[in-house]
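Letter by letter, the sequence shown follows residues 3 to 577 in the working numbering.
Yeah, the Cβ is synthetic: ideal placement off N, Cα and C, and Gly gets one too.
The structure displayed is predicted, hence computed values, not measured ones.
Data first, discussion second: the structure below is written as structure tokens.
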Amino acid sequence: MANAARSLAGVEVPIPGADKIRWTELSIPSSTPSSSPQPLPVAPFRDAAGCHSIPGDPPVYLIWRIHKEAPNVLELFELCPCQELPETGLRLVFDNALHPFSFLCKNEIQGASGSLYLVYVLTVSGLVYLINLRSPSTYHSGSILNQNELIELNVQAQVETGKIRAVAATSGCVAIGRQDGSISCYKLGSSDPNSAGFVNELRDDGGIGRLWNLMSRGKAAGSVLDMVLSQVWGRKLVFVVHSDGALRVWDLVSHTRVLNHNISSHELSGSTPLRLWIGDTTSDTNKLTLAVLHGGFRDNVQDADVETIAVYTLTFGSGDKVMLLPETSLPSISFKEGRLIDVKIVSNKIWILKEDESSLYDLIQLDCQMKDTCSYGLQEDFIADQLFQSSEHALDDLIWNNNSIFSTMKHQTAYFVSSIFLRRLLQPGVYQKDALRATVMGHKKYLSDHEFQSLSVIGLKKEILTAIELEGVAANSNSTIYYWKNFCAHFFRHWCQNCTPYALLVDPSTGAIGLIRKSSVSLFRSLDGIEQLIYGTSDEHDLRSSGLFFTDSDVGCEILYVGLLEIAWALSVIS
Numbered sequence: 003m004a005n006a007a008r009s010l011a012g013v014e015v016p017i018p019g020a021d022k023i024r025w026t027e028l029s030i031p032s033s034t035p036s037s038s039p040q041p042l043p044v045a046p047f048r049d050a051a052g053c054h055s056i057p058g059d060p061p062v063y064l065i066w067r068i069h070k071e072a073p074n075v076l077e078l079f080e081l082c083p084c085q086e087l088p089e090t091g092l093r094l095v096f097d098n099a100l101h102p103f104s105f106l107c108k109n110e111i112q113g114a115s116g117s118l119y120l121v122y123v124l125t126v127s128g129l130v131y132l133i134n135l136r137s138p139s140t141y142h143s144g145s146i147l148n149q150n151e152l153i154e155l156n157v158q159a160q161v162e163t164g165k166i167r168a169v170a171a172t173s174g175c176v177a178i179g180r181q182d183g184s185i186s187c188y189k190l191g192s193s194d195p196n197s198a199g200f201v202n203e204l205r206d207d208g209g210i211g212r213l214w215n216l217m218s219r220g221k222a223a224g225s226v227l228d229m230v231l232s233q234v235w236g237r238k239l240v241f242v243v244h245s246d247g248a249l250r251v252w253d254l255v256s257h258t259r260v261l262n263h264n265i266s267s268h269e270l271s272g273s274t275p276l277r278l279w280i281g282d283t284t285s286d287t288n289k290l291t292l293a294v295l296h297g298g299f300r301d302n303v304q305d306a307d308v309e310t311i312a313v314y315t316l317t318f319g320s321g322d323k324v325m326l327l328p329e330t331s332l333p334s335i336s337f338k339e340g341r342l343i344d345v346k347i348v349s350n351k352i353w354i355l356k357e358d359e360s361s362l363y364d365l366i367q368l369d370c371q372m373k374d375t376c377s378y379g380l381q382e383d384f385i386a387d388q389l390f391q392s393s394e395h396a397l398d399d400l401i402w403n404n405n406s407i408f409s410t411m412k413h414q415t416a417y418f419v420s421s422i423f424l425r426r427l428l429q430p431g432v433y434q435k436d437a438l439r440a441t442v443m444g445h446k447k448y449l450s451d452h453e454f455q456s457l458s459v460i461g462l463k464k465e466i467l468t469a470i471e472l473e474g475v476a477a478n479s480n481s482t483i484y485y486w487k488n489f490c491a492h493f494f495r496h497w498c499q500n501c502t503p504y505a506l507l508v509d510p511s512t513g514a515i516g517l518i519r520k521s522s523v524s525l526f527r528s529l530d531g532i533e534q535l536i537y538g539t540s541d542e543h544d545l546r547s548s549g550l551f552f553t554d555s556d557v558g559c560e561i562l563y564v565g566l567l568e569i570a571w572a573l574s575v576i577s
């Protein structure tokens with residue numbers, strides 16, 4: 003599936019102010035002694051993030067993040083479509099590192115004084131926390147959460163339980179998947195921990211065979227690799243993928259298994275299922291779409307660099323008993339370049355976020371060649387292009403214009419070149435405070451965070467120019483251009499480090515898609531008519547479909563297309 007076959011259908015647009023949130027730190031107390039022996043981590047740690055929608059008019063979106071460089075801190079803040087981005091967010095600080103997971107929901111428990119949200123988290127030492135949380139703006143930095151506002155549960159206390167491999171949650175329930183293939187469900191938030199039925203085990207080897215440690219009737223399940231817990235068709239179901247290639251679905255009310263399906267088909271033979279995503283659970287249809295990430299094969303040949311997403315459809319069988327019937331899977335989506343970050347299934351479309359691009363697939367028209375794939379440009383593409391970092395020839399036109407237009411005005415060359423780079427560095431969507439400060443400091447110019455914050459736009463320009471001058475005096479105008487390109491290369495590297503993509507976010511009410519980054523939040527928007535002509539190619543886009551009509555179609559289209567490219571370049575230089 004080559005990039006050339008994809009048309010650019012949209013771009014990422016940052017939400018202003020998302021990188022300027024002031025954080026309030028709130029410590030979470032623990033009743034478990036910190037000196038107790040700590041088990042091995044539950045899983046290799048990674049950056050994690052998510053968004054949970056709180057229905058209302060208007061709805062509220064709770065966004066959370068866990069950074070791998072600060073694994074014991076959970077960041078969260080509120081996002082409301084009808085209001086400006088909040089100035090403050092909340093950082094929950096725990097004693098131990100966290101599993102890359104969190105679940106947030108509206109607190110619907112009666113009598114919860116002042117508590118708006120419930121937060122579920124799991125530490126690598128096996129402690130599950132249920133936190134009753136008020137609005138993030140109501141807390142003071144440095145305070146400690148009251149002990150009566152949280153419940154702490156040790157799910158790794160019993161020696162005989164297997165190591166924790168996965169976790170999922172919904173309001174009133176936490177499910178823990180273990181290395182031995184078992185799943186433990188805790189009614190945390192809906193039942194007293196000391197009451198009967200608080201814990202339920204979901205596993206195949208039940209009855210006398212389990213009590214007497216005899217051979218089970220069925221084959222033991224492989225290690226749990228990933229889980230999703232969701233309310234589907236009015237029932238709470240937990241979807242589980244195992245290391246032996248089994249996809250299992252359990253009903254949490256009856257504690258019965260409603261599906262046991264082998265997803266390691268002949269085409270995926272030798273692969274290992276790694277992660278699981280499910281589609282829209284609010285649909286009135288009796289079908290549900292699932293996506294499973296497989297790794298380690300390509301055309302039945304082992305290849306650790308290849309990842310494949312297999313798409314499945316489950317049909318809900320009506321009747322007295324819950325039944326899920328798997329249908330023939332859709333063509334799988336394989337890719338080798340670019341690390342997979344996240345997947346979201348919205349209606350009949352699947353969004354795939356990789357570290358180098360975001361793609362949209364139409365599941366109705368999905369075919370093995372993936373010819374109809376749409377690509378959505380990330381901010382990295384825009385910033386690299388604006389700062390002449392997209393290719394080694396990005397500055398050729400600027401150098402040519404510099405040598406030709408300013409050949410008789412050498413004294414104005416440096417000012418002209420600097421004005422171009424300064425405007426691009428400081429324009430919205432490119433400027434990033436932390437990245438610019440790190441770049442300036444990397445050029446032998448120290449600025450404290452307080453000094454940098456207090457700089458005006460004129461002061462920023464002065465500090466940047468001083469940093470450029472510290473590199474040396476340019477012998478000619480072309481050298482000045484390359485000094486600037488080198489400065490922008492350092493800025494772009496710091497920007498990418500500070501704005502790593504974490505996860506996709508979905509607005510269930512509109513189907514809009516956004517992106518949660520390390521220090522910002524953004525949305526994707528589709529390109530409109532004329533933009534498709536500028537950012538695409540004349541072969542990729544039908545000009546008539548954009549609403550433009552011509553009498554001499556071929557000649558007119560080509561003239562307009564070339565003219566638009568010239569205008570786009572001229573505007574980019576002027577800006």
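Would you kindly check if the distance between the Cβ of residue j and the Cβ of residue i is under 8 Å?
i      : j      : result
Ile515 : Trp279 : no
Arg136 : Gly116 : yes
Ser29  : Thr90  : no
Leu10  : Gly379 : yes
Gly128 : Asn156 : yes
Leu227 : Val240 : no
Leu1   : Lys351 : Examination of residue 1 is not possible in this model, given that the chain is present from 3 through 577 alone.
Trp497 : Gln429 : no
Asp344 : Ala505 : yes
Leu64  : Leu100 : no
Can you give the Cα-Cα distance for residue i and residue j, rounded to whole angstroms?
i      : j      : result
Asn500 : Arg519 : 8 Å
Ser421 : Ser528 : 31 Å
Gly19  : Leu81  : 12 Å
Val459 : Ala440 : 17 Å
Lys346 : His492 : 33 Å
Ile178 : Val348 : 26 Å
Tyr417 : Gly461 : 17 Å
Lys238 : Cys490 : 51 Å
Val121 : Cys175 : 12 Å
Thr258 : Gln233 : 15 Å
Ala171 : Gln455 : 40 Å
Thr34  : Tyr131 : 12 Å
Gly224 : Cys53  : 30 Å
Leu254 : Pro83  : 34 Å
Leu78  : Val95  : 12 Å
Ile385 : Glu465 : 21 Å
If you run the structure through DSSP and keep just helix, strand and coil, what is residue i?
i      : result
Asp21  : coil
Tyr484 : helix
Ala491 : helix
Ala437 : helix
Ile265 : coil
Thr468 : helix
Arg67  : strand
Pro598 : Here the chain covers residues 3 to 577 and nothing more, so residue 598 does not appear.
Asn150 : helix
Phe105 : strand
Ser9   : strand
Cys187 : strand
Asn98  : coil
Tyr122 : strand
Lys463 : helix
Tyr378 : strand
Tyr363 : strand
Tyr448 : coil
Glu14  : strand
Gly208 : Only weak support is given to the placement of Gly208: the predicted model assigns it a pLDDT of 49, under 50, and the question is left unresolved by the model.
Tell me the residue span of the alpha helix (DSSP H) that contains residue i.
i      : result
Gln388 : 381 to 388
Taking residue i as part of the beta strand (DSSP E), name the residues at either end of that continuous run.
i      : result
Asp228 : 226 to 234
Phe454 : Per DSSP, Phe454 belongs to no beta strand (DSSP E); it is in the alpha helix (DSSP H), 451 to 455.
Arg277 : 274 to 280
Glu77  : 72 to 81
Ile30  : Element bounds for Ile30: n/a, residue is neither H nor E.
Ala171 : 166 to 172
Pro503 : 503 to 508
Ala179 : Inspection of the sequence shows that residue 179 is occupied by Gly rather than by Ala. 175 to 180 is the span of the beta strand (DSSP E), which, as asked, contains Gly179.
Does the ligand PLP have even one heavy atom less than 7 Å from the beta-carbon of residue i?
i      : result
Ser528 : Ligands displayed in this structure: none; no statement on the ligand PLP is therefore possible.
### Message
Under 8 Å: do the stretch 69 to 78 and the stretch 139 to 148 share three or more Cβ pairs, one atom per stretch?
### Response
With the cut-off at 8 Å, the stretch 69 to 78 and the stretch 139 to 148 do not touch.
#### Entry: Cβ pair count under 8 Å reaching 3, the stretch 503 to 510 against the stretch 437 to 450
With a cut-off of 8 Å, the stretch 437 to 450 and the stretch 503 to 510 do not count as touching, because too few Cβ pairs lie within range.
### Message
Counting beta carbon pairs with one atom in the stretch 374 to 390 and one in the stretch 348 to 365, are three or more of them shorter than 8 Å?
### Response
Yes, since at least three Cβ pairs between the stretch 348 to 365 and the stretch 374 to 390 fall closer than 8 Å, the two stretches touch.
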